[in-house]
Amino acid sequence: MAVFNIPQFLDTEDKLVGPFTAKQLGWTIAAAVTLFLLYVLFSRTLLIILAIPVLAIFGGLAFYKPEGRPLTVYVSSLIFFFLHPKMYSWKRLPDEKTPVKKSLPKKTGVIQEKKQLTEDRIREISRLLDNK
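Put into structure tokens, the structure is as follows:
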């Protein structure tokens, strides 16, 4: 009988440089390039103010994994949600043609009065129901 090796740990990414995977290394390099451009273009105080959010964004994209999934999956899902039209399967779309109300034929004739129940009739009905 032939023995086949079953691949394991398919969701684990290979380490490229030290403890960094290829994606983490790419995001870290992108953060370094962005910080260098900020250093060249802006003064020291503005550099510090802009560097903190840039580091937080790139650090989150590189290392933060909510529920074991990369943050890029959530960001791409968010962008896809806002850019594509929504189709609700539970909402009924209006008909193309305008609805026409059907008119009921008017009843002409004598209006019948409702029968009034007397106490004697109510007692008789309750006695019949109690006997059954």
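Every position in the sequence shown, counted from 1, becomes a number in the working numbering once 1216 is added. Glycine included, C-beta positions come from ideal geometry on N, C-alpha and C.
Cβ-based burial, residue i [other Cβ within 10 Å; buried from 16]
{"i": "tryptophan 1243", "result": "buried"}
{"i": "alanine 1238", "result": "exposed"}
{"i": "proline 1235", "result": "exposed"}
{"i": "alanine 1278", "result": "buried"}
Spatial distance of residue i from residue j (CA atoms)
{"i": "glutamine 1332", "j": "isoleucine 1338", "result": "10 Å"}
{"i": "leucine 1251", "j": "isoleucine 1264", "result": "10 Å"}
{"i": "serine 1342", "j": "lysine 1330", "result": "20 Å"}
{"i": "aspartate 1230", "j": "alanine 1246", "result": "20 Å"}
{"i": "tyrosine 1280", "j": "valine 1219", "result": "39 Å"}
For residue j and residue i, believed in contact at Cβ under 8 Å, the rounded distance
{"i": "leucine 1266", "j": "leucine 1254", "result": "5 Å"}
{"i": "glycine 1276", "j": "leucine 1287", "result": "5 Å"}
{"i": "proline 1282", "j": "tyrosine 1290", "result": "7 Å"}
Element boundaries [alpha helix (DSSP H), containing residue i]
{"i": "arginine 1285", "result": "Where arginine 1285 is concerned, there is no enclosing alpha helix (DSSP H), given that its DSSP letter is neither H nor E."}
{"i": "glutamate 1340", "result": "1335-1347"}
### Message
At 4 residues or longer, what runs of the alpha helix (DSSP H) sit wholly inside the stretch 1221-1264?
### Response
1238-1257
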